[in-house]
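As they're listed, the protein sequences go chains A and B.
Heads up, the first sequence is in this note's numbering, so the first residue is 64 and it goes up one at a time.
Heads up, the second sequence is in this note's numbering, so the first residue is 64 and it goes up one at a time.
Protein chains: 2
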Amino acid sequence: MNLHAFDVIRKKRDGEELTDQEIRYIVEGAARETIPEEQLSAWLMAVFLRGLSLRELGTLTTAMRFSGEVLDHKGLGRKTVDKHSTGGVGDKTSFLVAPLAAAAGLADPMISGRALGHTGGTLDKLESIPGYRTQLSLAEMRHVLERCGASIVGQTKNLVPADRRLYSLRDRTATVENPFLICASIMSKKLAAGLDALAIDVKTGSGAFLRNEDDANFLAALMVETGERAGTRTVAILTDMSQPLGRFAGNWVEIEESMALLRGERNPLNEDLREISLVLAGWMIHLGGKAANAEEGRAIAETNLMDGSALRIFREMVAAQGGDVHALDSGEAFHRPKFRRIFRAEKSGWFAAADCTKLGWAVQRLGAGRERAGEPVEAHAGLEMHTKLGMKIESGQPLVTMFAEDEARLAEPQELLREALMIGDAPVEPPPLVKRIISAENKNTFLNAAQRT
Amino acid sequence: MNLHAFDVIRKKRDGEELTDQEIRYIVEGAARETIPEEQLSAWLMAVFLRGLSLRELGTLTTAMRFSGEVLDHKGLGRKTVDKHSTGGVGDKTSFLVAPLAAAAGLADPMISGRALGHTGGTLDKLESIPGYRTQLSLAEMRHVLERCGASIVGQTKNLVPADRRLYSLRDRTATVENPFLICASIMSKKLAAGLDALAIDVKTGSGAFLRNEDDANFLAALMVETGERAGTRTVAILTDMSQPLGRFAGNWVEIEESMALLRGERNPLNEDLREISLVLAGWMIHLGGKAANAEEGRAIAETNLMDGSALRIFREMVAAQGGDVHALDSGEAFHRPKFRRIFRAEKSGWFAAADCTKLGWAVQRLGAGRERAGEPVEAHAGLEMHTKLGMKIESGQPLVTMFAEDEARLAEPQELLREALMIGDAPVEPPPLVKRIISAENKNTFLNAAQRT
Numbered sequence: 064m065n066l067h068a069f070d071v072i073r074k075k076r077d078g079e080e081l082t083d084q085e086i087r088y089i090v091e092g093a094a095r096e097t098i099p100e101e102q103l104s105a106w107l108m109a110v111f112l113r114g115l116s117l118r119e120l121g122t123l124t125t126a127m128r129f130s131g132e133v134l135d136h137k138g139l140g141r142k143t144v145d146k147h148s149t150g151g152v153g154d155k156t157s158f159l160v161a162p163l164a165a166a167a168g169l170a171d172p173m174i175s176g177r178a179l180g181h182t183g184g185t186l187d188k189l190e191s192i193p194g195y196r197t198q199l200s201l202a203e204m205r206h207v208l209e210r211c212g213a214s215i216v217g218q219t220k221n222l223v224p225a226d227r228r229l230y231s232l233r234d235r236t237a238t239v240e241n242p243f244l245i246c247a248s249i250m251s252k253k254l255a256a257g258l259d260a261l262a263i264d265v266k267t268g269s270g271a272f273l274r275n276e277d278d279a280n281f282l283a284a285l286m287v288e289t290g291e292r293a294g295t296r297t298v299a300i301l302t303d304m305s306q307p308l309g310r311f312a313g314n315w316v317e318i319e320e321s322m323a324l325l326r327g328e329r330n331p332l333n334e335d336l337r338e339i340s341l342v343l344a345g346w347m348i349h350l351g352g353k354a355a356n357a358e359e360g361r362a363i364a365e366t367n368l369m370d371g372s373a374l375r376i377f378r379e380m381v382a383a384q385g386g387d388v389h390a391l392d393s394g395e396a397f398h399r400p401k402f403r404r405i406f407r408a409e410k411s412g413w414f415a416a417a418d419c420t421k422l423g424w425a426v427q428r429l430g431a432g433r434e435r436a437g438e439p440v441e442a443h444a445g446l447e448m449h450t451k452l453g454m455k456i457e458s459g460q461p462l463v464t465m466f467a468e469d470e471a472r473l474a475e476p477q478e479l480l481r482e483a484l485m486i487g488d489a490p491v492e493p494p495p496l497v498k499r500i501i502s503a504e505n506k507n508t509f510l511n512a513a514q515r516t
Numbered sequence: 064m065n066l067h068a069f070d071v072i073r074k075k076r077d078g079e080e081l082t083d084q085e086i087r088y089i090v091e092g093a094a095r096e097t098i099p100e101e102q103l104s105a106w107l108m109a110v111f112l113r114g115l116s117l118r119e120l121g122t123l124t125t126a127m128r129f130s131g132e133v134l135d136h137k138g139l140g141r142k143t144v145d146k147h148s149t150g151g152v153g154d155k156t157s158f159l160v161a162p163l164a165a166a167a168g169l170a171d172p173m174i175s176g177r178a179l180g181h182t183g184g185t186l187d188k189l190e191s192i193p194g195y196r197t198q199l200s201l202a203e204m205r206h207v208l209e210r211c212g213a214s215i216v217g218q219t220k221n222l223v224p225a226d227r228r229l230y231s232l233r234d235r236t237a238t239v240e241n242p243f244l245i246c247a248s249i250m251s252k253k254l255a256a257g258l259d260a261l262a263i264d265v266k267t268g269s270g271a272f273l274r275n276e277d278d279a280n281f282l283a284a285l286m287v288e289t290g291e292r293a294g295t296r297t298v299a300i301l302t303d304m305s306q307p308l309g310r311f312a313g314n315w316v317e318i319e320e321s322m323a324l325l326r327g328e329r330n331p332l333n334e335d336l337r338e339i340s341l342v343l344a345g346w347m348i349h350l351g352g353k354a355a356n357a358e359e360g361r362a363i364a365e366t367n368l369m370d371g372s373a374l375r376i377f378r379e380m381v382a383a384q385g386g387d388v389h390a391l392d393s394g395e396a397f398h399r400p401k402f403r404r405i406f407r408a409e410k411s412g413w414f415a416a417a418d419c420t421k422l423g424w425a426v427q428r429l430g431a432g433r434e435r436a437g438e439p440v441e442a443h444a445g446l447e448m449h450t451k452l453g454m455k456i457e458s459g460q461p462l463v464t465m466f467a468e469d470e471a472r473l474a475e476p477q478e479l480l481r482e483a484l485m486i487g488d489a490p491v492e493p494p495p496l497v498k499r500i501i502s503a504e505n506k507n508t509f510l511n512a513a514q515r516t
């Protein structure tokens, strides 16, 4: 049968359900560049405004997944698991959960991204370790996985080429913030990595992309549905992003903070990071078949965190990917930004609320992130939070320390901090860290709720 | 203020109303090619699915109208009027109403289009007259208008360039059939022609683009609203297109049929064409200020049709544009298609219904039309209808005569005729010729009705 992009656009425009063949035709046309951009973008806008059925979404995700090369872990002898985050500020759970999964006898082939806008990037953080190579060939990645059980790398050019083209178009045509398109983009890449299980950290709150809780629940349920349909055990964990996760946000400072936790250190200012990492790792271990339930998985993870197994694996992985383990071990001493400036409380009270997106932009402006793809970032720029939501504040007390390589970089972030941090007159209860778990068992509740509206 | 296409797309995507500045930015970006196609097409799909307010539509139409050169009739000494048709089969009213308007002391600067798909094109029909030039410069057109009061030409490259780019995109991205975009496209071109008054023939029925009557009413009301807002007196006349208009559909055959009417001949098989032409001309004459109301305008038109004034003007116009008036006068004798085939009734009864779009495709397949822009057409291809809806039919009676230059061209149209013409067992009442008139007085009823749904 002869398909035409025009007819597929028209059908979706009119709210009709597309056939599997029609969806595959669009995806193949995107990957092979046989459908021109003006037609793809009209189709994307029609999908944005008309939505997709669960079958359409599954077909779209699968077609995108197989639009290029896919990872194959046959013969590895371990089940493969991974986590994904919808993006936050100070979110460094990757450096904890990947070695925790490996320590439990699983393998984590993690394909990560770079900083963009107000959110940081796992690859940029890892590249602050001198020598660390994020661009491995699939053979090299396999080698690291065999040796360490975890490897964190950048996306290769041939993985999910349909998403590359569609995402670039979405970025130009205001068709990014749609749950179906977000789900297909994320899940096609994660499924192309050949995972047995996946835990997705869906951020909510002032620093998250999705501010509305119903939207976050719906996206989470879509991803669980799509993962499970494709044979990957999937869970979505809705976590709080109304303040930075842990103490630090930036590049090297986040590696160092992760190392401290891997060394077994505890600090009230990053108990949130530790807790969310253990919950994610617990689910990965459970869905990967190494624990009867998530609680048992969490207990295994905590043991491996406290006995140094995860630390050993992380150090091995860094070394296997060319990173300087000596720098890694020297911790705080290695952190030498040219400029530091303390931002202090202007009044006494309680740390009541944060505009976490603004805090993320402060990190970006300090030099740790980028506004546009391709811009360089600085390894030692970033900030340290000296307080958490709900804590008591004395006037003049340091709230944040900023780090930058250029003094001129400090002015704008200081203004952003002033706008972002709110001190109230009464104690407040910080939001719960884990708001909700959406798994195969309860996903339909959230899918049906969305369809009713 | 710095505008970005991305932000304007997002705003319309979310159903918000755009500012005048934002709309002008998009139109200018389309005309000057400073906004890329993928962004324009995402914007078009967002408009298609979200709609426009009347203010947005007015601004869009005006911005498109002034995106290139516009006609200026200062010093002509006559008010300028025109008609537009949404496209039908056998629709040759242009050849009657233009000279009828001129005969009433008005001027009709008619800019017409070509055959596409199942509908014919005024320019193709005129070019079946040997020598007739449709591509005049604006100065040449002005000269013809001064001499004859009517000139029918093709669109120049510099007229409404924004529509040229947007229409080409709509054609590729399934964003054609939307009342707001159709209105802006039609009205920007008609307003760029500098008209004092405009009568729009909105076709309804099986041969029309808009089959649904509410859609046709809404489009008609939008066009009246947009014309009147821009200072052009505008009326929309909803007419029946459930069968070809008049006796002939094709190119030369339609010129010849118009000549017969201009010579004052009457025939029950084309009373519909004569009636609709007089109604349209009556409104043009009334809105152009030459008659107190449309009925009086129609009476003036009928007088000028029967006394030969309109015929004289049409012959002068053809001559002024290089056309062979001798051929024009030789009528039927000049019609020498290589092949003729009669399609006969397979049973007796009453001509009950026609799929007029299929009849239009039959005309196209015979060689009179084109499937894609740029294809050549044949001057003497086409068909003649020997019956009208509601007439009694005897088995074996000729229903249609087909004309073609190539015998192989006859087979497919014959099949289309078999599917398109339905003979019933009982007499039927043909639909009324003029279904409704939408003018400045009653337009709001149809605009409000649409907004309620």
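Quick reminder that beta carbons are idealized off the backbone N, C-alpha and C, glycines included.
Residues near residue i by beta carbon distance below 6 Å, same chain, minus five either side
| i | result |
| --- | --- |
| P476(B) | A425, R428, L429, M465 |
| E379(A) | C211 |
| K506(A) | A284, V287, E288 |
| E470(A) | F402 |
| L510(B) | A284 |
| R292(B) | G121 |
| H136(A) | T143, G257 |
| Y88(A) | L66 |
Assigned secondary structure, residue i (DSSP; H/G/I helix, E/B strand, else coil)
| i | result |
| --- | --- |
| A167(A) | coil |
| A382(A) | helix |
| L446(B) | strand |
| R95(A) | coil |
| H349(B) | helix |
| A126(A) | helix |
| R515(A) | Below a pLDDT of 50, predicted positions are generally treated as unreliable, and R515(A), at 45, falls in that range; the measurement from the model is reported next regardless. Three-state result, R515(A): helix. |
| F272(A) | coil |
| P439(A) | coil |
| R337(B) | helix |
| V71(B) | helix |
Cross-chain neighbours of residue i in chain A, by beta carbon under 8 Å
| i | result |
| --- | --- |
| L107(B) | A105 |
| R76(B) | M108, F111, L112, A237, T238 |
Proximal chain A residues relative to residue i, where beta-carbon distance stays under 9 Å
| i | result |
| --- | --- |
| F69(B) | D234, R235, T236, A237 |
Sub-8 Å separation of residue i and residue j beta-carbons
| i | j | result |
| --- | --- | --- |
| L139(B) | E209(B) | yes |
| V152(A) | L462(A) | no |
| A55(B) | K146(B) | Since the displayed chain B opens at 64 and closes at 516, residue 55(B) lies outside it and no answer follows. |
| K517(A) | L332(A) | Chain A is shown from 64 up to 516; residue 517(A) falls before or after that span and cannot be answered. |
| L117(B) | T238(B) | no |
| G345(A) | R329(A) | no |
| L484(B) | R404(B) | no |
| I300(B) | A165(B) | no |
Amino acids of chain B, ordered along the chain, whose beta-carbon sits closer than 8 Å to that of residue i
| i | result |
| --- | --- |
| Q102(A) | S104, R235, T236 |
Assumed close pair residue i, residue j - CB separation to whole angstroms, cut-off 8 Å
| i | j | result |
| --- | --- | --- |
| S214(B) | M173(B) | 7 Å |
| P193(B) | S130(B) | Rounded, the Cβ-Cβ distance is 36 Å, inconsistent with contact. |
| I98(B) | A126(B) | The pair is not a contact, with the Cβ atoms about 13 Å apart (cut-off 8 Å). |
| T197(A) | E203(A) | Not quite, the Cβ-Cβ distance comes to about 11 Å (not below 8 Å), so this is no contact. |
| D187(B) | N275(B) | That belief does not hold up - the Cβ atoms of D187(B) and N275(B) are roughly 29 Å apart, past 8 Å. |
Any C-beta of chain C under 8 Å from that of residue i
| i | result |
| --- | --- |
| R95(B) | Here chain C cannot be found, since the structure's protein chains are A and B. |
Within chain B, partners of residue i - CB distance below 7 Å
| i | result |
| --- | --- |
| I72(A) | T236, A237 |
Sequence-distant residues of the same chain with beta carbon closer than 7 Å to residue i, five excluded per side
| i | result |
| --- | --- |
| N356(B) | H349 |
Own chain partners of residue i with C-beta closer than 8 Å, once the 5 adjacent residues on each side are dropped
| i | result |
| --- | --- |
| A382(A) | V388 |
| M250(B) | T124, R128, M286, T289, G290, A293 |
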